[in-house]
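Structure record follows, encoded as structure tokens.
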Ligand code: GLY
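Residue numbers (this note's numbering): 1 to 353.
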């Protein structure tokens, strides 16, 4: 009950209504606690909108339903929209809230590992447009983000693990987290004591992201380093999205990071070995048929459309050891193809497939 009570304390005192927009299928006993807490804090002044989560929400067609709900629940500029779900839900609900009446206040209570450590933080909202990701969106910081790892109990194992790729990324970017943060990562255990530790660890990881965001909210420069591993990761995700066995975002990012480590291994061998093993253990490649690795040509064509690119150059983030990211570095097609080929051979020799 303490965590639900803590959420109630965070609600802005002057919010005339709260609309709790939540994903279906969440843990009933946790929902009950938050329901009681909202009843206690805002009797008669809050409502629920329950939605199916997932990528389908990140479409323009999902917006009218959200706007209709905001209208029918009588939300005003003083109201608060509380999103509760994965990253797709907070992205879409965040965008709808940012547009309605020129901007409602929004807060996030993420329920997936990925959203807890990354998507809910830093104010990015967004939906896709004509097949390209996050083409429509805003930077709208939430009033607060409330973490409670108890939501992870009903999350499929594969999704819980996939989000840990961003935990590795934050540790790579911040030497104060570094290897220790990952070595101490708790094994999965749905007991309440263990979940409290998960909440603390995820919070710590997300705070390091916020240090980057605070310095460059609109991603004019340094925030781009949060894309570590994502240039190749997004390309892998896009490649498999078109197959019968799509990869989760975190799984693709884990492979993108492992490719980066492969490139860095001569300058920081110990760190790279440790991280490669950590990723292979905590975010295993999907257990789906993988007849062959994506070819470099296909990946490059996705990378060439990455929104970080400037004037047709593929831009990426390089890594030189704990806390040492370099942005921007330009990628060349021929060099990428050669390195990707060597990476795939090394994965095959290691018996990864
Ligand atoms: N997920 C990267 C960012 O928020 O900038």
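Every residue, glycine too, gets a C-beta built ideally from N, C-alpha and C.
A quick note: this is a predicted structure, and the numbers were derived from the prediction, not measured.
Item, Value
"Whole angstroms is fine: what's the gap from residue 294's alpha carbon to residue 224's?", "25 Å"
"Determine the direct distance from the alpha carbon of residue 317 to that of residue 227, and round the result to whole angstroms.", "7 Å"
"Quick check: what's the CA-CA separation for residue 165 versus residue 256?", "10 Å"
"Under the rule that 16 or more other beta-carbon atoms within 10 Å means buried, what is residue 251, buried or exposed?", "buried"
"On the DSSP letters alone, give me the boundaries of the beta strand (DSSP E) that residue 314 sits inside.", "314-319"
"Let's test the definition: count the other Cβ atoms within 10 Å of the Cβ of residue 331 and tell me whether it reaches 16, buried, or not, exposed.", "buried"
"Following the continuous beta strand (DSSP E) through residue 202, name the residue where it begins and the one where it ends.", "Segment 192-215 is the alpha helix (DSSP H) holding residue 202; no beta strand (DSSP E) there."
"Where residue 52 and residue 334 are concerned, what is the direct C-alpha to C-alpha distance, given to the nearest angstrom?", "43 Å"
"If I follow the unbroken beta strand (DSSP E) through residue 20, where does it start and stop?", "18-23"
"Going by DSSP in three states, residue 174 sits in which element: helix, strand or coil?", "coil"
"Take residue 203 as the anchor and find which of 121, 129 and 248 has the nearest alpha-carbon.", "121"
"For residue 38, count neighbouring Cβ atoms within 10 angstroms of its own Cβ and tell me buried if that reaches 16, exposed if not.", "buried"
"Closest by CA to residue 375, which one among 105, 108, 124 and 73?", "In this structure the chain extends from 1 to 353, so residue 375 is not present and cannot be described."
"Does the region 43-51 come close enough to the region 18-35 to have 3 or more Cβ pairs within less than 8 Å?", "yes"
"For the ligand GLY, any of its heavy atoms closer than 7 Å to the Cβ of residue 130?", "no"
"What's the gap between the Cα of residue 60 and the Cα of residue 68?", "14 Å"
"Mapping DSSP to helix, strand and coil, what is residue 79?", "coil"
"Please confirm whether any heavy atom of the ligand ZN lies closer than 7 Å to the CB of residue 118.", "Absent from the structure shown: the ligand ZN. Ligands present: the ligand GLY."
"Give me the residue from 246, 254 and 80 with the minimum Cα distance to residue 14.", "80"
"Measure the C-alpha to C-alpha separation of residue 214 and residue 19 and round it to an integer number of angstroms.", "27 Å"
"For residue 99, collect the residues of the same chain with a Cβ closer than 7 Å to its Cβ; drop the 5 residues on either side in sequence, then sort them by chain order.", "none"
"Does the ligand GLY have even one heavy atom less than 7 Å from the beta-carbon of residue 220?", "no"
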